[in-house]
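Q: By the count of numbering that gives the first Met the number 0, the first sequence reaches residue 170 at its end, each step adding exactly one. Ideal Cβ positions, reconstructed from N, Cα and C, are used throughout, including at glycine. Got a structure for you, written out below as structure tokens; questions coming shortly.
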Amino acid sequence: MQRFSKEFYCRDVLDVAPEMLGQRLVRRYSNGLVEKYIVTEVEAYRGCEDLACHASKGKTARTEIMYSEGGRAYVYLIYGMHWMLNVVTGDKNHPQAVLIRAVKGCYGPGRLTRRLRIDKSFYGEDFTTSQRIWFEPTGRTPAIKAGPRIGVDYAGEYWASIPWRFWADID
DNA sequence: TCAGTGATTAGG
DNA sequence: CTAATCACTGAG
0 MQRFSKEFYC RDVLDVAPEM LGQRLVRRYS NGLVEKYIVT EVEAYRGCED
50 LACHASKGKT ARTEIMYSEG GRAYVYLIYG MHWMLNVVTG DKNHPQAVLI
100 RAVKGCYGPG RLTRRLRIDK SFYGEDFTTS QRIWFEPTGR TPAIKAGPRI
150 GVDYAGEYWA SIPWRFWADI D
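In structure tokens form, the structure reads like this:
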């Protein structure tokens, strides 16, 4: 099965995020074991004007990767214990990312990274060339639902209520 | 409901 | 250096 190429990721995050639902996340461990998961829930974070997006506070060592071309991983630690896995999208200097919140059988962004053993070493990982994590098209086009993003009340009512969380009910 | 946990960030 | 913040989770 072919993985998604650069072109898939180098588009607006609001186009990419919903299209990732129903697609396959593949993780290959150092011992050769390969696990495959279907993406079921994501969130879009879009540019410096989006007050819920980390890039709204400007370019820092942590957010730098979001300013690169789409197709790389933005990984960071939250609340001192949970790694968050994001997919950078869009053109260079258009900081955007898709937070992977859930896959079939594993719900919650922190649980997901714990199960897949994703940590800081995945920061900047290139999904188009990586041998340990990537995404593949499945051909599925599930019905998509949308609602407010989780845990971003600090961004103010407008950005906290905008429906940029997307999910699909996949058995 | 609420504490745990530590990297990251701005500020002195 | 200090202190605040935080795209979450699990226990009760």
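Can you look up threonine 112 in the DSSP assignment and give me helix, strand or coil?
A: By one-based count along the first sequence, residue 112 stands at place 113. Three-state result, threonine 112: helix.
Q: Rounded to a whole number of angstroms, what is the C-alpha to C-alpha distance between alanine 142 and alanine 167?
A: Walking along the first sequence from the start, residue 142 turns up at place 143. Walking along the first sequence from the start, residue 167 turns up at place 168. Going from the Cα of alanine 142 to the Cα of alanine 167 covers about 6 Å.
Q: Identify whether tryptophan 177 lies in helix, strand or coil by the three-state DSSP scheme.
A: In the structure as shown, the chain begins at 0 and stops at 170. Residue 177 is therefore absent and cannot be evaluated.
Q: Expressed to the nearest angstrom, what Euclidean distance is found between the alpha-carbon atoms of tyrosine 28 and alanine 43?
A: Your numbering for residue 28 matches position 29 in the first sequence. Your numbering for residue 43 matches position 44 in the first sequence. So the two alpha carbons sit approximately 27 Å from each other.
Q: Within 10 angstroms of the Cβ of methionine 19, are there 16 or more other Cβ atoms? Answer buried if so, exposed if not.
A: Within the first sequence, numbered from 1, the residue matching residue 19 stands at position 20. Under this definition methionine 19 is a buried residue.
Q: Quick one: using the 10 Å Cβ neighbour count with 16 as the cut-off for buried, is threonine 59 buried or exposed?
A: Stepping through the first sequence from its first residue, residue 59 is reached at position 60. Threonine 59 should be labelled exposed.
Q: In chain order, what residues of the same chain have a beta carbon less than 6 Å from the beta carbon of methionine 0, not counting five sequence neighbours either side?
A: Position 1 of the first sequence holds residue 0. The residues are Glu135.
Q: Could you please give the first and the last residue of the uninterrupted alpha helix (DSSP H) stretch that includes glutamate 156?
A: For this step, residue 156 is matched to residue 157 along the first sequence. First-last of the alpha helix (DSSP H) with glutamate 156: 156–160.
Q: Report the residue ranges of all beta strand (DSSP E) runs contained in full by the segment 29–103; include only those spanning at least 3 residues, in chain order.
A: The DSSP assignment places complete beta strand (DSSP E) segments of no fewer than 3 residues inside the segment 29–103 at 33–45, 72–77, 81–87, 95–102, in order along the chain.
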